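In the numbering used here, the protein residues as written are 3 to 113. The next block holds one structure in the form of structure tokens; read it before the comments.
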């Protein structure tokens, strides 16, 4: 099956509309998060992947999938706009902040 760019664009635009996604707002959030970690990202990535990264520029793609592919050597990765991922991020923040399961559960029950 050949990719039909027109149908793909229709799908993307319809998905954005139906899910009330503000793309500009999502990109700003991602950009702000990236700015907080970008300086430490490069040395950590090189250490983890045991390779010298070919460039110091990375492209971040927004996806609707919970699976976020990446390719460090080619300089890209995906981040999700999934509500499930946002919940996981909130739980992680609560866990780090409170470090006590009872407090985390109490916070989650208030959602």
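The C-beta atom is built at its ideal place from N, Cα and C for all residues, glycine as well. None of the values given here were measured: they were computed from a predicted structure.
- Per DSSP, the beta bridge partners of residue 61 are 78.
- Per the Cβ contact rule, the stretch 24-38 is not in contact with the stretch 67-80 (fewer than 3 Cβ pairs under 8 Å).
- Our two residues, residue 6 and residue 111, have alpha carbons roughly 45 Å apart in a direct line.
- Cβ-Cβ separation between residue 66 and residue 83: approximately 6 Å, consistent with a contact (criterion under 8 Å).
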